[in-house]
Amino acid sequence: MRAPASLPTCLRIHAMQMALPKRPLFIAPRATPQEDNNTELSAEEMIQQLLSNDPEAQQQVERVSDAARRVAELQMEQARLAQALSDAQGSDAASAKLRERRANESAKNMIAEAEAKAAELLLKAAELEAQSATVIRESAAAEAEKETERVETAKAGVAAAVGGAASSLPLIISSFSTSTTPLGALFSLGGAGASAFLFGLVYRYALRQDLNNSQLKGGVVAAFGLVRGIGQASQIILAALKNSTTVENGGDLIDTLGLAAAAMGESMLLFAFASVALEFAFQKEWVKPFKN
């Protein structure tokens, strides 16, 4: 049998030499360079012939060839494993760096999002605080304005009461000298002042900023005058009807109607004077008109 052809020539020759039995060495004379190739080929042929005649040497050559092949395969496998290990280590290092970079980027993104949310919450808190301050300020301003309006309305009532009482005072004094008692005169003056005070409140709210509307002014004066005058006239007529003498004598009825008409005229005059007093207060800016 021949040595496996897959091995290099030097290994095959070495294996065949190792398999040959130990014999005395024969030193051949030096050959020329042209003869070296023929000598090498002849030696290989001679070794092949010797191996073919010695089965034991041939088995040894095969074992040596198998061992050399396994060594070569192991070396190749070792190189492959070393390369794979190097690639794996490089890949693991790159993967670790990539994971670390991604983790850092994720952490930075989370921090940025948290900071953005915190800033948004702070902004909303500031807006709510500003809105709350605005509401409180507006509420305080509205309350102050309401208080100012109450004061101005009270001033309007006082001005109207002074004007109305001043218009009723001569009539009360004239009636006091004839038939009215001091207490009755005082009640009449207080009633006139109270009616004029209420008239002043309504007059200011009715006119608001429309101070040149004469029809509205006259309407408010007429409404209050008619209501108060009709009430007083009704009392006078009912009191006269209860008196049997007045019912029997027709002339007394005419006097009663005249007194009722005078009471209505007095009421109209009362609120007319109250209106004049308010207009004077508006012109002097003692009382401010009601704001819309």
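With the first letter of the sequence shown counted as 1, position 139 gets the number 139 in this note's numbering; the numbers rise by one all the way through. Quick reminder that beta carbons are idealized off the backbone N, C-alpha and C, glycines included. This structure is a prediction, so every number in the text was calculated from the model and none was measured.
Through-space distance from residue j to residue i, alpha-carbon basis
i	j	result
GLU35	ARG63	Low local confidence applies: a pLDDT of 47 at GLU35 is under 50, so the model's placement there is unreliable, and no value is given.
ARG69	LYS97	41 Å
SER275	ASN243	37 Å
LEU226	ASP252	24 Å
GLY164	GLN209	23 Å
ALA222	GLU127	54 Å
ASP66	LEU81	22 Å
SER174	ILE254	22 Å
GLY191	PHE282	24 Å
GLY231	ILE237	10 Å
PRO29	GLU45	With a pLDDT of only 47 at PRO29, under the threshold of 50, the placement of this residue in the model should not be trusted, and no figure is reported.
ILE136	GLU152	24 Å
ILE111	LEU123	18 Å
ALA31	GLN48	Confidence at ALA31 is low in this model, with a pLDDT of 46, below 50, so the placement of that residue is unreliable and no value is reported for it.
ALA295	ALA107	The shown model of the chain, from 1 to 292, leaves out residue 295, and the question about it has no answer.
ALA260	LYS146	41 Å
SER214	VAL162	22 Å
GLU100	ALA94	10 Å
MET294	GLY258	Summary: the structure shown does not reach residue 294, with the chain confined to residues 1 through 292, and so no result is reported for it.
ASN104	SER132	41 Å
ASP92	SER86	10 Å
PHE280	TRP286	9 Å
GLN60	ASN53	13 Å
LYS284	ALA130	41 Å
ALA154	GLU115	57 Å
LYS291	LYS117	46 Å
GLU40	GLU77	Residue confidence for GLU40 is low, a pLDDT of 48 falling below 50, so the modelled location carries little weight; the figure read from the coordinates is stated next. Approximately 33 Å, taken between the alpha carbons.
ALA72	ALA79	11 Å
GLU120	SER139	28 Å
GLU113	ARG150	54 Å
GLY303	LEU241	In the structure displayed, the chain extends from 1 to 292; residue 303 sits before or after that span and is not available.
Local Cβ density within 10 Å of residue i, reported as buried at 16 or more and exposed below that
i	result
ALA239	exposed
ARG228	buried
GLY193	buried
LEU270	buried
LEU278	buried
PRO182	exposed
ALA88	exposed
LYS217	buried
ALA156	buried
ALA84	exposed
ALA57	buried
THR148	exposed
SER195	buried
THR256	buried
Whole-number beta carbon distance between residue j and residue i, since they are thought to touch under 8 Å
i	j	result
LEU201	PRO289	With a Cβ gap of about 13 Å, LEU201 and PRO289 do not count as contacting.
PHE273	SER188	Actually they are not in contact, since the Cβ atoms of PHE273 and SER188 sit about 15 Å apart, beyond 8 Å.
ALA160	TYR205	Contact doesn't hold; Cβ gap of about 12 Å is too wide.
VAL233	ALA263	The sequence shown places Ala at residue 233, rather than the Val named in the question. About 5 Å separates the two Cβ atoms, so the contact holds.
PHE224	PHE199	5 Å
LEU171	GLU266	6 Å
8 Å Cβ cutoff, residue i in contact with chain D
i	result
SER214	Note that chain D does not occur in the displayed structure, where there is just one protein chain.
> What are the complete beta strand (DSSP E) segments, minimum 3 residues, inside the region 81-111?
Replying inline: none
> In chain order, which continuous runs of the alpha helix (DSSP H) of length 4 or greater are located wholly inside the region 205-292?
Replying inline: 214-242, 244-248, 250-283
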